[in-house]
Structure formats: structure tokens, C-alpha cells
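K.L.:
If you're matching them up, the sequences are chains R and Z in order. Under the working numbering, the first sequence has 1455 at position 135, and the numbering climbs by one with no breaks. Under the working numbering, the second sequence has 6 at position 1, and the numbering climbs by one with no breaks. No residue lacks a Cβ here, since even glycine has one placed at the ideal position from N, Cα and C. The structure follows.
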Amino acid sequence: MRRVRPAAVLMVAVPLLLALVGPWLVPAEQARTAPFLPDGLLGTDFVGRDTWYQVLDGGRSVVLVALAATALAYAVGVPWGVTAATARLRIVDEVLMRPLDLLLAVPSLLLLIVLATVAGPGVAVLVGIVALIAFPDVARIARAAALEIGGRPALEAMRMQGESWWRTSVVYMGRSMARPLAADAGVRLTSSLYLVASASFLGVGVPPDAADWAVMVDRNRTGLFLQPWAVVVPAVLIIALSVGLNLLFDRALRKEPR
Amino acid sequence: MSLSRYALRRLLFGAVQVLAVVTAVFLMVHALPGDAAVALAGDDPDPDRVEVIRRALGLDRPVLERFGEWLWGLARLDFGASVVSGRPVADTLVAALGPTVVLAVLTLVLLVPLAVAAGVAGALREGGPLDRALTSVTVGLHSIPEFALAIVLVAVFGVGLGWLPPTAVGVDVLAEPAVLVLPLVVLLARPLCSISRLVRAGMLDALASDYVRHARRLGVPPGRVRFAHALPNALAPAVQQVARTTDWLLGGVIVVEAVFVIPGLGTVLVDAVAARDLPVVQGLAVVFAVTTIAVNLLADLVAFRLAPRAAA
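Given below as C-alpha cells:
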């Protein structure tokens, strides 16, 4: 067992703190000046807003959409997978799981872009689409975990004792599945973060002048030579969050007793 | 199961996948509640424009007839015409194919040897300084969004240091290969991490297995044990992962083309989405999805050939 690296914690804490607390530190009234001036802490952005305030304001959407989408994917995927695993009829399992194979065959960013084009912009739409892309994997993992647990002698004994469906399928199984599912949650969260950020960067699902780190990177690219901070700071924050989350979750996983 | 039986079964499943994707792409436009033509015409629908779009999409005819036509068109590589420019979608796609294929092929050509080398190097000295460094880097970079990495690299090497061209605007790729360095680095980052980790894990498993121990006891030279006996088994899962990274590669290509202003399929897609040019989006969706399915099919067959027992 090795200790948690402070660097990884710092990489997650700084963007997360900025994202969650930042919006409260932004003054309601903001002066607009000319684009890409070196005024203020980080200069101004492509329409003359203060970059620092945009950075403070722009993390929340990325982080919250990724979190909400991951939560939604679990809320749908886990019951889905468990139902497939515990179904008495094999056909139910097939009907539930086969379509997911098809969904997994389509490239995720492509699916996101195409669905968002048809569905139109909006935060709820983005959450729904990212959750839709993430949930087949969740369902598969939940199904595999439930199959393994369902074959255990303990569960068989409970069934023979006439324990209720609630106690066997929900209480016992839920407790046993918590660990494999938690182990996977880190991967889901970082891939949701990846999808949300990439989609926002491509202008899918968000308004073009939104205060959002990924949108900032896209919009301020024209001023890269004049005012690189307006691009580099949000990009580095996204990278730090993604790398830090990966390192932390990987560390936590390796501590699990095998 | 023999290879030919497995291939037949896998081909059938691939055909079902293609048919399902094609149907889904069709339904996406044609079975939506409301009128797609009005939605596409924008905030202030002009009746003439709505009519043009309606006719271009064939929305004035019955659904089944349109579906038959869509399938028949696809069979002849006819994706319809763009709602914006009126050009056949197939022409647009063919024109943009070149840069994307160059990027994808170069990435794959570099990816496989690099990933195998990194994975094997880590596995042969498990726990050593090189292995630990490789593990940290591959874990950290694993799901980094390409656009963020790309823009930071451009800011540092393109703008700050001035070593490499920041974009590919108006540059002939073949005349000046330096423009491809940054895009390729960005495209390689994510797949390289996941595949080298898989090769490492597979190699560790194989090296610890009974048959490798047996080969060692028989006095087979260590190099032969590692590369002729252990490596093929370690590669089977990695081959399937290479195929799965075509998914990422594609997403990466879309983003990388946008960042470096490369006029490939990704740029066509982003432009078509911005202009809400559905026939082009549909055509691209079919091309990308079919490519992904085909690559996955091929990879499953290669993996089966490398380690038949794994593909039960």
C-alpha cells in the first residue's frame, strides 16, 4: 500500500474548488472592454469580458453535467443489468442486453454529436445523451457482478429459507455489488467528463457564449497569440481535473484487497 | 470452434449491426415527433426554405417508401444531397476523406509498435523505475480530452517556443510534414495509454503462466520464451482494444481536425452540425459507424487467430 500522492489531490482539488465555489466570487456587474487586452489578472476574452471571472464561472457546468450524467447512467444501468442477470427467462436477458451491444458499436462522440444535432441544445439534453452513452457499460458491469453474486451459496440459502425478494435481491445483492460498482465509477466519471468537455468544445449542446471552460478554449483560440491565458488556463484546469481523477481512482483501486 | 465458423458467425452479427445502425440513422430524422424540416429551417422558418428541405429529405412521401429508397441509395453509395449546398453528400465525403485517412493510418502505424514496446518494456521489469514511470503516465493521460491537450501543446510548442506550426491552414501536408507532428501526438496519447497497459497486463499474466514456466524448464532461450510464446497471448486482448480505440481515434480525429484546421471528415461533420445539414450528418454517421463495425470485426478475427480459446 502506498500513500496518496499530494500532487494528485491538488490536481483534483484546485479545479473542483474553482468549479464549485467560483460562481459565487464573480461580481454581478461586469464591465466589458475590448477583446484580448492584458487587463486584470488574466486579461480579457474574445468579447472583452474578464478572463479570470469567466474561469471562476465556467467550471460548474462541466463538472455538474459530468456528475449528473454519471449518476443517471448508474440509476438506469444498475437496475437494468440486475434485471437481466436475475431474470428467470433467458429471453429477457437477451432482449435487455443485445441492443446494448449495438449501442456500444457506435463511436461515442459521433453518437453524442448526432443525437445533440437532432435533439437541440440544452443542459438536460446533454446530461441525457452522455448518460445514454455511459449506461451500456454500467449495465454490463452490473450484470456481470449480479451473475457472480447470484450464484453464491449464501444467496441460495437465503432463498431456501424463504427470505423475501426485497431482502435477497435488493439488500444482500445491493451490498455485495457496491464494491465492484464503486471500482468502476471512476472510469465512468472521467469518461463522462471527457465527453462533456469535448462536446462543449465542438459547440454541441451549449450556447456559443456560455461561461464554460471547454467553450472558452474554443472561443478564445483566435486570440492565442495575443492573450494565451484565456485558452491555456481553462485547458490546463480540464487536464488537471481529468488526470487527477484518474490517478486518485487508480490509487484507490489498487488499495482494494484482492 | 474453427476459424471459418467463428468468422461466419461474427460476419452475421456485423451485418445485423450495420443494418441496425443504418435504420437508427434513418429513424433519427424521419420518425421524430414534429416536422424535421421546420426544425431544420432555423428560428425564423421561411416557407420556401421549409419546402426545399422537405423535398430534399423526402418528407412529403410515406415512411416505408423513404426507408426503401434510403437503403437502396446506401447500397449504391448514394447518401442524398446536402440541404445547404445541394451537392451530393458522397462527393463531399470523398473530397474530405484524404486528410482523415492520412491521420488515422499514420496514428495506427505509430500506435501499435509504440504501445507494444512500452507494454513489454514495463512488464519485463515489473516494479522497476521505468515500469512505475510508464504506469503513472499511462494512468494519468488515459482520459484526457484531446482538445485541451492539443491547445496546450499548440500554446507551448507552436506559439511559445515556435518550434512547430500551430495549425495546418493552407499548408500542403506532404510538402511540410512538421504540421502533422502535434496532431499525431494528440491522437496517440489516449490509445497509447490504454493499449500499452493492456499489453503490460497480458504480458505479466503470460510470463507467470504454466506454459511459460514449462518452456523455461525445457531450456528454451529467454528471448524465445518472451517473444514467441508469451507475447502472442498477451497481444490478443490488445488487438481487440486497438479496434475499440478506433472509436476514440474517430472522436479524436474530429476534435484534432477542428483544433488544427485540417479539412477532413471531422471538419465536415462539425460544419454540417453547425449548419444543421442533416443529410451530410446522416452520411457521415453511416460511414463512421460502418467503419467502426468493420474494424471491430477484423480485430475479433485476428484475436481469435492469436488465441482461439479466448473467444468462446
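Terminal residues of the continuous alpha helix (DSSP H) containing Gly-85 of chain Z?
P.N.:
Run containing Gly-85 of chain Z: none; DSSP gives neither H nor E here.
K.L.:
Please list, in chain order, all residues of the same chain as Leu-1392 of chain R whose beta carbon is under 7 Å from its beta carbon, the five residues on each side excluded.
P.N.:
For Leu-1392 of chain R, where only same-chain residues beyond five positions count, the Cβ hits under 7 Å are Val-1447 and Ala-1451.
K.L.:
Whole angstroms are fine: how far does the CA of Val-1535 of chain R sit from the CA of Phe-1521 of chain R?
P.N.:
Between Phe-1521 of chain R and Val-1535 of chain R, the C-alpha separation is close to 5 Å.
K.L.:
Using a C-beta to C-beta distance shorter than 8 Å, which residues of chain R count as neighbours of His-219 of chain Z?
P.N.:
The premise fails here: His-219 of chain Z is roughly 26 Å from chain R at the closest Cβ pair, so nothing lies under 8 Å.
K.L.:
Check each residue of the region 253 to 275 of chain Z: if its Cβ is closer than 7 Å to any Cβ of chain R, include it; give the result in chain order.
P.N.:
Residues passing the 7 Å Cβ filter: Leu-255, Gly-256, Ile-259, Val-260, Ala-263, Leu-274 and Val-275.
K.L.:
Quick one: what does DSSP say Pro-93 of chain Z is sitting in, helix, strand or coil?
P.N.:
If DSSP states are grouped into helix, strand and coil, Pro-93 of chain Z belongs with the strands.
K.L.:
Give a yes or no on whether the C-beta atoms belonging to Ala-1531 of chain R and Gly-1378 of chain R are separated by under 7 Å.
P.N.:
For Ala-1531 of chain R and Gly-1378 of chain R, yes; Cβs fall inside 7 Å.
K.L.:
Checking 7 Å against the spacing of the C-beta atoms, do Asn-301 of chain Z and Ala-248 of chain Z come in under that value?
P.N.:
Against a cut-off of 7 Å, the Cβ pair of Ala-248 of chain Z and Asn-301 of chain Z comes out as a contact.
K.L.:
Does the region 215 to 233 of chain Z come into contact with the region 157 to 165 of chain Z, if we say contact requires no fewer than three beta-carbon pairs (one atom in each stretch) closer than 8 Å?
P.N.:
Because the criterion of three Cβ pairs below 8 Å is not met, the region 215 to 233 of chain Z and the region 157 to 165 of chain Z do not touch.
K.L.:
Using a Cβ cut-off of 7 Å (strictly closer), state whether Ile-1453 of chain R contacts chain Z.
P.N.:
No, Ile-1453 of chain R lies away from the interface with chain Z (no Cβ there is under 7 Å from its Cβ).
K.L.:
Is it buried or exposed for Trp-75 of chain Z, if we count other Cβ within 10 angstroms and need 16 for buried?
P.N.:
So Trp-75 of chain Z ends up on the buried side.
K.L.:
Which of the three DSSP states, helix, strand or coil, is assigned to Asp-1529 of chain R?
P.N.:
If DSSP states are grouped into helix, strand and coil, Asp-1529 of chain R belongs with coil.
K.L.:
Taking C-alpha atoms, which residue in R:Val-1402, R:Val-1382 and R:Leu-1567 lies nearest to Leu-1515 of chain R?
P.N.:
Taking only the C-alpha atoms, the option nearest Leu-1515 of chain R is R:Val-1382.
K.L.:
Residues in its own chain within less than 6 Å of Val-1524 of chain R by CB, not counting five upstream and five downstream?
P.N.:
The residues are Ile-1433 and Ala-1436.
K.L.:
How about Ile-1 of chain Z: is its C-beta nearer than 7 Å to some C-beta of chain R?
P.N.:
What is shown of chain Z runs 6 to 317, which leaves residue 1 of chain Z out entirely.
K.L.:
Hey, how far is the Cα of Gly-1506 of chain R from the Cα of Val-89 of chain Z?
P.N.:
Looking at the two C-alpha atoms, the distance is approximately 42 Å.
K.L.:
Using the beta-carbon count (16 or more within 10 Å), is Ala-109 of chain Z buried or exposed?
P.N.:
Buried.
K.L.:
His-147 of chain Z: buried (16+ other C-beta within 10 angstroms of its C-beta) or exposed?
P.N.:
His-147 of chain Z is buried by the Cβ-count criterion.
K.L.:
Would you report the Cα separation of Arg-1418 of chain R and Leu-185 of chain Z, rounded to the nearest angstrom?
P.N.:
Whole-angstrom Cα-Cα distance: 40 Å.
K.L.:
Counting Cβ pairs closer than 8 Å, one from the region 1547 to 1562 of chain R and one from the region 1396 to 1404 of chain R, do we hit at least three?
P.N.:
No contact exists between the region 1547 to 1562 of chain R and the region 1396 to 1404 of chain R.
K.L.:
Which one or two residues does DSSP pair with Asp-1370 of chain R in a beta bridge?
P.N.:
Bridge partners of Asp-1370 of chain R: R:Thr-1364.
K.L.:
Kindly list, in the order they appear in chain Z, the residues whose Cβ is closer than 8 Å to that of Phe-1511 of chain R.
P.N.:
Going by the sequence as given, residue 1511 of chain R is Ser instead of Phe. The answer, in chain order, is Ser-148.
K.L.:
In terms of alpha-carbon separation, which member of Z:Leu-283, Z:Leu-203, Z:Ala-263 and Z:Leu-16 lies closest to Ala-126 of chain Z?
P.N.:
If we check each option's Cα against that of Ala-126 of chain Z, Z:Leu-203 comes out closest.
K.L.:
Taking the CB atoms as reference points, tell me whether Val-191 of chain Z and Leu-154 of chain Z lie closer together than 7 Å.
P.N.:
Yes, they are a contact pair.
K.L.:
From the DSSP output, in three-state form, read off Gln-245 of chain Z for me.
P.N.:
The answer is helix: DSSP assigns Gln-245 of chain Z an H, G or I state.
K.L.:
Could you check the C-alpha separation between Asp-1413 of chain R and Leu-1420 of chain R for me, to the nearest Å?
P.N.:
Roughly 11 Å separates the two Cα atoms.
K.L.:
Would Val-260 of chain Z and Glu-151 of chain Z be called neighbours here (beta carbons separated by less than 7 Å)?
P.N.:
Contact: yes.
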